[in-house]
Amino acid sequence: MTAAVFFGCAFIAFGPAFSLFIFTIAKDPLRVIILIAGAFFWLVSLLLSSLVWFIATKATNAQDLTLQKNLLIFGSIFSVILQEVFRFGYYRLLRKANEGLAAISEEDGPPLSVREMAYVAGLGFGIMSGAFSMINTLSDSLGPGTVGMFGDSQYYFITSALMTLALTMLHTFWGVVFFEGCERKRWWVIAVVLCVHLMVFSLSLLNPFYVGSILPVYAIMLLMAVWAFFSSGGSLHNITLLWTCRKSNAETSS
Amino acid sequence: MTGRGPGTIIGFPHKRKLVTSIKLFLFFCLSDVSCNSVAQKIYVELNNTVPCVRLLNATHQIGCQSSISGDTGVIHVLESEADLEWPLSKGPNPPYMVLLESSLFTKSIMMKMKNASSRVAGVVVVPKTSPPEFSPHTTCPNENTGVYTETYDHNLAHCNTTVWNPRGNGLSYEEFDFPVFSLKEDNETEVIKQCYFDHNRVVNGSGLQYPLCAMQLFSHMHAVTDTATCMRRSSMDFSTSPVMVCDPLGGYNVCAFIRPYNSTAFGHKENESVVIAAARLDSKAFFLEDSTGAEGSVSGFVTLLAAAQALCEATQEAPRTRNILFAFFHGEVFDYIGSSRMVYDMKNNMFVIDLDNVHSILEIGQVKTCISINVWTYKCMDIRSNNNESVTNLVKNLQSSTAGLNFSFVETDFSQPLPPSSFQRFLRARAIPGIVLADHQTDFNNRYYESFYDNAAHLNLTYPSNLSPEEQLEFVTDTAKSLTEVATAVARTLFKQAGGNNSQVNKINADPKTVTQMLYGFLVRSNNSWFQVLGSSLRCVFCLSEPNPPQYYVGVAKSSHQANALTYLVQYLLANLTGTATNLTQSQCKKPDELPNESTYLYSYLWVQGMVPPNSTQRESFCVRTAVRLVKAVSPAFDLGDYVSKEYSTWTKSQWKFIKARIFLVASRDLEMLTLGVGVAVLFTSLLVTYFVSTKADVLFSSVREPNNAAY
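In structure tokens:
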């Protein structure tokens, strides 16, 4: 639409990821490396799944629209599965790397805990997924026109940005939960993550019925946030501690 | 992985993979796979548009200009002149893009919009039915470059005696600072109107609902002010490849002598006397690429082509006292580019003859409406110039040539000046006797002079509806019959003027079939079998993908020796009608000097496509030996470097980068600001929350800490 929409959607989609990056990742070079490697792993999974989809579309009749839509759905499901497979592969890679890092580091033990690596890897997946979802749309939002000529909703840009935000955060939480599950050998966690991912994908198919797609996705995101918080060592006790800490700090300082 | 530093976990092969994957992604997008890009959901590109471009001369710039990033406006379909209030004052969402039908494309409406140009983003014209009369040209065409200047005769200058084009509103010569485009009436216009009716109509009482349908036009012109400025800016670039900001208008004149001269010997020819038979090739319209010029120019040069064919058939045997030059001048609308160039060349010994060799001039102007439908006699007027015994002789020859024909020539009143014609440029140099033939007695009969509506319908080219295109090509219309008679008269006059034998005069007859085929090809469909037969296989100008007639506007003078389609059509037609077919092969046709009887000094050799014989698919091409030559027609002002010349044409056309048009929906300002607000809020909130969580992370995530954790 214009510069206002461009910046608005860019901030919505990438604001939280950007702030997470600045405050938690940028200072530590090792985390930056793991973030970028995670992004790369997601990218490779997308490449392979899109190759499959591309071959499928080329091999079939391009004019048959329902067939193409079904192929898209099939390709996306395959992509979701492949993303989780690559997440597992990245977990194995990081575990191996951790042993090597522990061996050469100056301190006793690895410089990064698995929890931290989980969080960074998840964020890497999320940032790359968000970038691929949103960049194309963002560049077209700079022009003077808005979506709607062919019957699409005019809220297309905002809802795309909101979906991208949700997806980025979801990938982060899935990363935390997934690695924790692999660490504890709880294999059902992987299955649950995969199912939730597929559920989010199928909700996105409901677009442009945005009430039916965005609200449930945000609800799922909150649930995943809670799960990730608990599985990364948080607890209600800590929250109350935090609260009383602040209170006592406020009392002592005032 | 052991034994290496932590930084080598990621090495270079990964980076190459990333680049490749992006390249593959882009490749998928650019190939057949429908990319479903968001831009396709937003914009509808309009492909069949004709823009109004900027032209400059020594003192002015005319035409239209858009801003460099295009002009966007909410579409408004104008229904009447009173409806103009909405875009100009009442409408709540300026600027507006006004869509007009051709009946509303008048000077008063355009001037009102020009004065309110802050609220008008652009104008789009949809040509529909022809208005009863419309001429965007000036009332006095070429008033400063003819022979009637202030110094010559004050009473005749600036059309003081006769206003030639009284219907002219001068719209083509106005300057607009918004883009003006023309659409062809087809699917795209329907899409625009549908979008307008769906989104932009005011429902009773309530205001307009966003999103609104809008259009964006790009036609940014690089040149400004006048020719001198833009030529100076073009040469100021010091790099090795200079960037031109504007291009001079020009083309090629088509010339053919009956008895050719050595083309390398310029200057005066002793004891040679030449009669010039002239006609004009080009015309223009408000939207330059839509120029048609049926009555304005086509009628004239088709008549001259037919006369040339008739004359050449009759004059194979006897040499005559005088030579005849058939000259088709290009660029005459823009201050006589072609004829001023020929006069300049003649004066400076750059042409095979010079002004002393010219005996007299006969020019054919607008010759449509000599015809009436029944058996009335016609009156074709001819207008006298500086009289002389030669002129009287010429007129006598002319009058006697109509014996047996259905019309007559009538001399106009002596006080009438000459109409705008190439002959005036010759008179400006020297008082040569001559006449101009035209169908009007005082001012023009042409209601659509130099406008888009001067087309086949205006020339009454009507064909019965059940004919196929090939049958239409052969059908002899009434217009063709009358033009044939004029051509016969002209040919006979020229024959007598060149000293031919009187007894043979009545054998000279123009061929109506040729005339009607030419009219069909030039005004209805160029892609017909006759033009293809006569055309060149090398220059695919006749492989026109659309059947539309060629462009009649003169175009820019290209530095490569390429003429435009109209020039080639006329050249090959004249070559086939007046030349002789030879037996040379294709390679001999390219280099005929090696053969004993052929000479490229006198003739030019053209390879013609030829017909397809009934039992084969290959065309029988052949070589034509002809005296037709293309002579460069660029205003002498550009050779002399005098870009403010009052003597010669200084017209140039601006250059541009791209011209396009597209429609889309625009959203309300409120929605945009809401999006921005939400975005900023999300960003700040996430910054605050993240800062807070990261500083308190040791408290929040304290349970089950791994023993060797580094500090956050």
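In order, the protein sequences belong to chains A and B. Residues 1 to 254 (full-length UniProt numbering) make up the first sequence, in order. Residues 1 to 712 (full-length UniProt numbering) make up the second sequence, in order. Glycine residues also receive a C-beta, built at the ideal position from the N, C-alpha and C atoms. Quick caveat, the model's predicted, so the values are computed rather than measured.
Neighbour-count burial assignment, residue i, 16 or more Cβ in a 10 Å radius
| i | result |
| --- | --- |
| Ala278/B | buried |
| Met673/B | exposed |
| Asn708/B | Unreliable positioning characterises Asn708/B in this predicted model, as indicated by a pLDDT of 40, which lies under 50. The coordinate reading is nonetheless provided below. With fewer than 16 Cβ atoms within 10 Å of its Cβ, Asn708/B is classed as exposed. |
| Phe6/A | buried |
| Cys64/B | buried |
| Gly15/A | buried |
| Ser385/B | With a pLDDT of 45 at Ser385/B, under the threshold of 50, the predicted position of this residue should be treated as unreliable, and no value is reported. |
| Arg167/B | buried |
| Phe329/B | buried |
| Asp290/B | buried |
| Phe684/B | exposed |
Cβ-Cβ distance between residue i and residue j below 8 Å
| i | j | result |
| --- | --- | --- |
| residue 278/A | Phe125/A | What is shown of chain A runs 1 to 254, which leaves residue 278/A out entirely. |
| Met149/A | Leu665/B | yes |
| Asp593/B | Thr600/B | yes |
| Pro144/A | Thr72/B | yes |
| Lys632/B | Tyr252/B | yes |
| Val624/B | Val608/B | yes |
| Gly130/A | Leu162/A | no |
| Leu46/A | Phe178/A | no |
| Thr49/B | Leu183/B | yes |
| Tyr603/B | Pro260/B | yes |
| Val52/A | Phe201/A | no |
| Thr477/B | Ala306/B | no |
| Val367/B | Gly300/B | yes |
| Val274/B | Val358/B | yes |
| Cys230/B | Val243/B | no |
| Leu56/B | Leu78/B | no |
| Gly31/A | Val120/A | Residue 31/A is actually Arg in this sequence, not Gly. For Arg31/A and Val120/A, yes; Cβs fall inside 8 Å. |
Residue i, DSSP secondary structure in three states
| i | result |
| --- | --- |
| Phe197/B | helix |
| Gly75/A | helix |
| Tyr252/B | strand |
| Ile158/A | helix |
| Tyr605/B | strand |
| Pro216/A | helix |
| His237/A | helix |
| residue 718/B | Only positions 1 to 712 of chain B appear in the structure, and residue 718/B is not among them; the question remains open. |
| Ser360/B | strand |
| Ser372/B | Caution applies to Ser372/B, whose pLDDT of 28 falls short of 50 and renders its modelled position unreliable; the value that the coordinates give is listed next. If DSSP states are grouped into helix, strand and coil, Ser372/B belongs with coil. |
| Ala633/B | strand |
| residue 717/B | The displayed coordinates of chain B run from 1 to 712. Any statement about residue 717/B would go beyond what the structure contains. |
| Gln216/B | strand |
| Lys653/B | strand |
| Phe176/B | strand |
| Arg525/B | coil |
| Glu411/B | strand |
Proximity winner among the options, relative to residue i (alpha-carbon distances)
| i | options | result |
| --- | --- | --- |
| Tyr173/B | Ile353/B, Ala214/B and Met111/B | Met111/B |
| Thr145/B | Ala667/B, Cys159/B, Ile364/B and Phe134/B | Cys159/B |
| Leu687/B | Leu20/A, Leu43/A, Thr240/A and Ile135/A | Leu20/A |
| Thr139/B | Arg322/B, Phe178/B, Glu411/B and Tyr449/B | Tyr449/B |
| Pro87/B | Ser118/B, Trp164/B and Asn262/B | Ser118/B |
| Ala37/A | Leu241/A, Leu93/A, Thr137/A and Ser105/A | Leu93/A |
| Ala438/B | Asn466/B, Phe409/B, Ala457/B and Ser536/B | Phe409/B |
| Asp670/B | Gln61/B, Asn445/B, Tyr210/B and Tyr552/B | Tyr210/B |
| Val693/B | Thr60/A, Ser153/A, Leu101/A and Leu242/A | Leu242/A |
- Which residues, in order along the segment 143 to 154 of chain A, keep a beta-carbon less than 8 Å from a beta-carbon of chain B? So the close ones are Gly143, Pro144, Gly145, Thr146, Val147, Gly148, Met149, Phe150, Asp152 and Gln154.
- Quick one: which residues of the segment 673 to 695 of chain B get their C-beta closer than 9 Å to a C-beta of chain A? List them in chain order. Within the segment 673 to 695 of chain B, the residues whose Cβ lies closer than 9 Å to some Cβ of chain A are Met673, Leu674, Thr675, Leu676, Gly677, Val678, Gly679, Val680, Ala681, Val682, Leu683, Phe684, Thr685, Ser686, Leu687, Leu688, Val689, Thr690, Tyr691, Val693, Ser694 and Thr695, listed in chain order.
- Message: Beta carbons nearer than 8 Å to chain A: which residues of the segment 333 to 346 of chain B have them?
- Response: Hits within the stretch: zero.
- Message: Short of 9 Å Cβ to Cβ, which residues in the segment 231 to 254 of chain A face chain B?
- Response: Per Cβ criterion, the list reads Ser232, Gly233, Gly234, Ser235, His237, Asn238, Ile239, Leu241, Leu242, Cys245 and Arg246.
- Query: In chain order, what residues of the segment 11 to 33 of chain A put their CB closer than 7 Å to some CB of chain B?
  - Reply: Within the segment 11 to 33 of chain A, the qualifying residues are Phe11, Ile12, Gly15, Pro16, Ser19, Leu20, Phe23, Thr24, Leu30 and Ile33.
- Query: Of the residues that make up the segment 169 to 197 of chain B, which ones have a beta carbon closer than 9 Å to any beta carbon in chain A?
  - Reply: Sequence-ordered contacts of the segment 169 to 197 of chain B with chain A read Cys195 [C-beta pairs closer than 9 Å].
- Item | Under 7 Å (Cβ pairs) to chain A, residues found in the segment 653 to 673 of chain B | The residues in question are Phe664, Leu665, Val666, Ala667, Glu672 and Met673.
- Item | Contact list for the segment 126 to 142 of chain A against chain B, Cβ threshold 7 Å | For the segment 126 to 142 of chain A, which is checked against every Cβ of chain B, the residues closer than 7 Å are Asn136, Thr137 and Asp140.
- Message: Counting only Cβ-Cβ distances shorter than 9 Å, please list the residues of the segment 207 to 218 of chain B near chain A, keeping chain order.
- Response: So the list reads Tyr210, Pro211, Cys213, Ala214 and Gln216, given in the order they occur along the chain.
- Determine which residues of the segment 415 to 432 of chain B have a Cβ less than 8 Å from any Cβ of chain A, and write them out in chain order. Close to chain A, meaning a Cβ-Cβ distance shorter than 8 Å, is no residue of the segment 415 to 432 of chain B at all.
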